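J.:
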Amino acid sequence: MTRPLVLSALGLILSSGSAALAQDAPSFPCLNPPTLGPTFPGDTLLSDQQSFNCFAWQEFIAVTWPQAGGDPGVYGDPGGGPTVFETFMTSAELMPPADYVAPPEAAEGVRQLARTAKLDGNFNPGSDINEATPTTAWLADRDGNLVWYEILVNDAEADYIIGNQLFKAARQRAMVEDGGRIDLPMGVFNDSSGAAEFKAAWLSVTDPDDPRWTRYLTADAQFCSGTGGDQVCTTGTVALVGLHILHKTSAQPSWTWSTFDHVDNAPDQAQVDAGTLDREYRFYRESGCVEMPVPESCAAFDNATTTSCLPNVSPAYALKDFQGGVVDPGSACQPYPIQVTRQFSLPSTNENPIVATNAAAQAMIAAANPDSVFQYYQLVNVLWADSPVDENAGATAPMSPLSETAFRPALNAFKVSNPMLETYAQDVSCVECHSGATIKDGGGSDGVPAYASDYSFIFGMAQQ
């Protein structure tokens, strides 16, 4: 994207003719402020936390831009059709499981969702959505509605994987053993986008006509459960509650790790402790939570006997008897509300002014379109390296784990996590898991070297 490096939100709003709004609009605390447009930035020339915060907002705006196009006045219109990231290929399409049976064809623009758990019981990084916690963990809001998860990749990453046939486990291993390496394309400033991955958390919506959902990006969805001839699918509505954006660039070959959520999701734990809640939250009840006994017929986790009203406690039992995306009403193992709080409050310092950056971005969006749903989303944080190393530049294919040094915010001081995507492991930053990602046949077992897969778990999903 060609633009001056030094702009302000004030100047942007004035140029649109909204002088009255501009007088009160906060300015961006960075030298590379985002603009309202569909161009996904390939890289940033500036390497400091303030710049990466604004870079992350530019990424978010670009991938949530209407797929059909349009000017800033329609950005984020409720019910405005699919956004750009919703059109990307999913991990299930790119790396279908061995027992994969394509679900019934959905109408154009309908999301096909099949995962309500973020990981398998033994945390197998190659199985799909993963989180560093030892139990299979689903999430439900204050009304017991389930959250569904999906991984998507942009065209640059999909083209690399398909072009090199890396959806085949044997091809991955042959590549690294022949002197190659898994080396996803890097974005270039004002040029190519580079590889990017997206992890989305979608909340089931049972009352889509309620005005509260005009504050969320919503989509039509097809929920499928079961395999083969036992597969059952139903349709419904979902609302976006969380989004990770992982992006490999020339300046950041160890990727940037940005994460966004909705302002109505969950309060900070600090707010709960101080008794200063300022709104009703989707994933937290200030009162009225009641612990319930675990039904005898349910598979309890960790010998749990009751559910918990404490925040960020993983479910007491597994769900079962899915019928087309909902739990069979006749089953005793129903989802129940999980209390969620944000363990690490959004930073508000000179070094990392997340709160101020969010205020400026939200004001810019609202000035262009007062009805935009995206004025209600916020950047949680960005993880980046101030001394990045391209580990694929060495003489041999790199081994897992890859580097975890020089990341900012410092991994041992402040964790970058999303309460919707790392609910039960908010004290682990993204790269602390992804540094251990390997190719499918290279986990270090059976004498096979642990060949790294460029911080991406996607490759571990390939089938034999």
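In mature numbering (1 follows the signal peptide of the UniProt record, and there is no 0), the protein residues as written are -22 to -1, 1 to 442. A virtual CB, placed ideally from N, CA and C, is assigned to each residue, including glycine. Treat the numbers as computed from the prediction; the structure is a model and nothing was measured.
1) Could you check what DSSP says for E369 in three-state terms: helix, strand or coil?
2) Rounded to whole angstroms, what is the Cα-Cα separation between E135 and G308?
3) Quick check on this structure: which residue in E400, S407, A371 has the alpha carbon closest to the alpha carbon of A388?
4) At the level of alpha carbons, what is the spacing between G51 and A346?
5) Would you mind working out which of L130, C211, T192 sits nearest A179, comparing C-alpha positions?
6) Out of F33, E369, V426, which one is the CA nearest neighbour of F167?
7) Measuring CB to CB, does T254 end up less than 9 Å from P271?
8) In terms of alpha-carbon separation, which member of P231, D349, L144, T383 lies closest to T192?
9) Between P245 and I436, what straight-line distance do the alpha-carbon atoms span, to the nearest angstrom?
10) Give the range of the alpha helix (DSSP H) segment to which G141 is assigned.
11) Evaluate Q143 with the Cβ neighbour count: other Cβ atoms within 10 Å of its Cβ, from every protein chain shown; 16 or more gives buried, anything less gives exposed.
12) Determine, using beta carbons only, whether P331 and Y295 come nearer to each other than 9 Å.
13) For L399, is the beta carbon positioned less than 8 Å from some heavy atom of the ligand PLP?
14) Is the segment 366 to 374 touching the segment 52 to 65 in the sense that three or more CB pairs, one from each, lie closer than 8 Å?
15) For the candidate residues L9, S29, Q340, whose alpha-carbon lies nearest to that of T234?
16) What residue from D256, A391, S395 has the CA that sits closest to L221's CA?
17) For the beta strand (DSSP E) holding A217, just list the boundary residues, first then last.
18) Ordered along the chain, which non-local residues of its own chain (more than five positions away) have a Cβ less than 8 Å from that of residue 493?
19) Which residues does DSSP list as the beta-bridge partners of C202?
20) Quick one: grab the DSSP three-state call for N102.
21) Report the rounded CA-to-CA distance for A363 versus E71, giving the unit in angstroms.
22) With a threshold of 16 other CB atoms inside 10 Å of the CB of I343, please say whether the residue is buried or exposed.
23) Which residue's Cα is closest to the Cα of D121: R260, A391, V358, A430?
24) Tell me which same chain residues have a C-beta within less than 7 Å of the C-beta of P313, skipping the five on either side of it?
25) Short of 6 Å in beta carbon distance, which residues of its chain neighbour A282, apart from the five on each side in sequence? Order them along the chain.
26) At which residues does the alpha helix (DSSP H) containing T335 begin and terminate?
27) Under the DSSP definition of a beta bridge, which residues are partnered with Y127?
28) When you compare only the Cα positions, how much space is there between Q317 and N10?
29) Using three-state DSSP, classify M67 as helix, strand or coil.
30) Please classify V219 as buried or exposed, where buried requires at least 16 neighbouring CB atoms within 10 angstroms.
31) When the Cα of K418 is compared with those of Q90, Y127, Q150, which residue comes out closest?
32) Locate the beta strand (DSSP E) running through D239, then write down its first and last residues.
33) For D156 and T374, I'd like the C-alpha separation in whole angstroms.
34) N359 lies in the beta strand (DSSP E); which residues open and close that run?
35) Give the range of the alpha helix (DSSP H) segment to which F411 is assigned.
36) Which term fits G54, buried or exposed, when burial requires 16 or more other beta carbons within 10 angstroms of its beta carbon?
T.: Let me spell this out:
1) helix
2) 43 Å
3) S407
4) 5 Å
5) L130
6) F33
7) no
8) D349
9) 32 Å
10) 133 to 141
11) exposed
12) no
13) Looking for the ligand PLP in the displayed structure turns up nothing, as the structure carries no ligands at all.
14) no
15) S29
16) S395
17) 210 to 225
18) There is no way to answer for residue 493, as the model of the chain reaches only from -22 to 442.
19) C211
20) Residue confidence for N102 is low, a pLDDT of 38 falling below 50, so the modelled location carries little weight; the figure read from the coordinates is stated next. Of the three classes helix, strand and coil, the one that applies to N102 here is coil, per DSSP.
21) 31 Å
22) buried
23) R260
24) W116, A118, G122, L124, L297, V305
25) V272, A294
26) 332 to 346
27) R93, A179
28) 37 Å
29) strand
30) buried
31) Q150
32) 234 to 240
33) 10 Å
34) 355 to 363
35) In the sequence on display, residue 411 carries Cys and not Phe. It spans 408 to 412 - the alpha helix (DSSP H) in which C411 sits, taken as one unbroken run.
36) buried
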